[in-house]
Amino acid sequence: MMQRLFKLPVLLSVVSALIVAACSPLAPQRPVPSAFQAPELTDAEQIAGDTMAYLMEVVLGRAGNPAQRSAWATRGLNLPLDFDLVAKRMDGPVPLRAELMVLDTNILGLSEVLYHYDRRLNLFKGKRDNDSLYPCAELMATRLFLVHKLYRGEKVGLAAMIRGKGLFTPGSRDPREAELADMNLNDMEFNFLKAVFQSEPAFLRYMEHPMLVSTLRRIGAVEQDAFTLSADQSANYRRWACPSGKPLQRSPVTIAILPSMNPMFDSSAGSAGAVTPSPDYQTIVDHLKKAILGELTRKRLDADPSAPIERLPVFFTPQRPMAIHPGNAGRVIEDVCPKADFTLILLGKNVYRAIHIDPENDIYPHEKRIYLDVDDIRYQQIDDDIEAIVDAILPALSTAASDPILGPSVRLPKPSPLL
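So for the sequence shown, our numbering puts the first residue at 1321; every next one is plus one.
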């Protein structure tokens, strides 16, 4: 019947348009959503998304304490995908929460970082003066959904979900069968996620966060396609990279001090929610630099009290926290400060407990980096670490003392080692 409705001129026009479209190399049939950082997220929420990406690895049993990974990978598999049930479990007594999550005290420091940058992700959702020890029901529900998918070896069509995100909003129509197939969701899974996203709309925006998308692709939770692969390219910290020009003070050694999963940054300054280092964090960094320079001077004087002080290292200290852990440290350092001769990764209080750091592979002397807890720096419990740092950089500084390119050694009674 429809064929009879086409007259010849109309049919020729349609055929011509199809030929032109088929010959065009820039006419994709289906738009691919951008994986770059979602404009709806503030700076603080961007940092929360970075942290959530690593926390999700831990609570899915793909990172963190090896002894807990099996429990995290399977906890909740016996529960149905029912958001009301999840919310009641999380609002109920501790034994009920334990059906959804492992009561793992190792992740408390990491969780506090997450809540610092987005208090909606806490069980109390920022409605009280203090935060709960537990995450919000929406976060645990998202984990439960992914645990079910991973256990069955199924991958979510995340790109299709983002294309059809209007389907998850209140009052939206039911998804078509083909749309569910593209998302690789059944009716129960779709309705479960719709309830999650309607309870906390920010979660749908977090699903476009490059670091989270890239992580979910890497662990096999979402399909690999143009969208997720472009997220891999966007999931970096090059925007905060070490200056490419010459440092203000010539030196043969650069030490990068990188804050990782660290809540010591203020997000309240300014209406745009820009994140800035707190005075407390600045003090911690200053103490660290002072300790390094002090140990450097001591070792040099012990070796030869009459020798002049050789050239000093310069420090690179970006003003934005990142999510650095053994799984991505090499890549992040290469993006942010590839010329660093040694890197110090400053973790928030007790965050190291959520990270499995293998001393035989992940830190000095096997890698030119170490992880430091901010409280250990605050209370001067890093003597061994400082000695290791100085031992690592001292040969280059000593060699430079007589380097004809750098010039002779000089005495600097009051050094200013900042870039």
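From the three backbone atoms N, C-alpha and C, an ideal C-beta is built for every residue, glycine too. No experiment lies behind these values; they were computed from the predicted model shown.
Taking C-beta atoms as the reference points, ASP1438 and GLU1520 fail to come closer than 8 Å. For ASP1449, the closest of TYR1435, ASP1363 and GLU1543 by C-alpha to C-alpha distance is TYR1435. The beta carbon of VAL1533 is closer than 8 Å to those of ALA1355, LEU1478, MET1527, VAL1542, PHE1547, THR1548, ALA1551 and ALA1555 in its chain, skipping five residues each way along the sequence. In its chain, beyond the 5 residues on either side, PHE1585 and GLN1639 have a beta carbon closer than 6 Å to the beta carbon of PRO1597.
Looking at the DSSP output, PHE1512 shares a beta bridge with no other residue.
In the DSSP assignment, VAL1467 falls within the alpha helix (DSSP H) that extends over 1457 to 1471. Runs of alpha helix (DSSP H) with 4 or more residues, each lying fully within the stretch 1588 to 1637, are found at 1599 to 1623, listed in chain order. In this structure VAL1378 is not in contact with ALA1716, their Cβ atoms being roughly 37 Å apart against a cut-off of 8 Å. Cβ-Cβ separation between LEU1667 and VAL1694: approximately 7 Å, consistent with a contact (criterion under 8 Å). Cβ atoms of MET1503 and VAL1476 come within 8 Å of each other, at about 7 Å.
Per the Cβ contact rule, the stretch 1411 to 1418 is not in contact with the stretch 1373 to 1392 (fewer than 3 Cβ pairs under 8 Å). Every beta strand (DSSP E) of 3 residues or more that sits fully in the stretch 1687 to 1720 is shown, in chain order, as 1689 to 1693. By the neighbour-count criterion, in which 16 or more other beta carbons inside 10 Å mark a residue as buried, HIS1676 falls on the buried side. Of the residues assessed, ARG1493 falls on the exposed side of the cut-off, its CB having fewer than 16 other CB atoms within 10 angstroms. If you draw a straight line from the Cα of MET1531 to the Cα of LYS1485, it is about 19 Å long.
Cβ contact annotation for THR1462 (same chain, cutoff 7 Å, sequence separation greater than five): VAL1516 and PHE1523, in chain order. About 15 Å separates the beta carbon of TYR1672 from that of TYR1699, a gap too long to meet the 8 Å contact definition. Inter-residue distance for ARG1382 and LYS1469 is about 14 Å (C-alpha atoms, whole angstroms). Exclusion of the five residues before and after PRO1658 leaves CYS1562 as the residues of its chain whose Cβ lies within less than 8 Å of its Cβ. Every beta strand (DSSP E) stretch that sits fully inside the stretch 1526 to 1583 and reaches 3 residues is listed by chain position as 1574 to 1580. Secondary structure note for LEU1500: its alpha helix (DSSP H) is the uninterrupted segment 1497 to 1503. Under the three-state reduction of DSSP output, THR1425 falls in the helix class.
Under the DSSP assignment, LEU1487 falls outside any alpha helix (DSSP H); it carries neither an H nor an E label. In this structure, the alpha-carbon of PHE1635 lies about 6 Å from that of THR1574. Rounded to whole angstroms, GLU1687 and PRO1646 show a C-alpha spacing of 11 Å.
Nearest Cα to LEU1500 within the set ILE1482, PRO1490 and ASN1670: ILE1482.
For the options PHE1465, ARG1537, TRP1560 and ALA1623, the alpha carbon positioned closest to that of ASN1506 is the one of PHE1465.
Judged by DSSP in its simplified three-state form, ASP1586 adopts strand.
VAL1476 is bridged by DSSP to VAL1542. Taking each of ALA1498, PRO1490 and ASN1426 in turn and checking the Cα distance to ALA1480, the smallest one comes out for ALA1498. A direct Cα-to-Cα measurement between ILE1702 and PRO1572 gives close to 24 Å. In this structure, the CA atom of THR1535 is about 21 Å from the CA atom of LEU1428. With 16 or more neighbouring CB atoms inside 10 Å of its own CB, ARG1631 falls in the buried class. Annotated as proximal: MET1421 and ARG1395, with beta-carbon spacing under 8 Å.
A distance below 7 Å between beta-carbons, with the five flanking residues on each side excluded, links GLU1419 to the following residues of its chain, in chain order: GLY1396, LEU1399 and ARG1409.
Residue burial is scored here from C-beta neighbours: THR1719 has fewer than 16 other C-beta atoms within 10 angstroms and is therefore classed as exposed.
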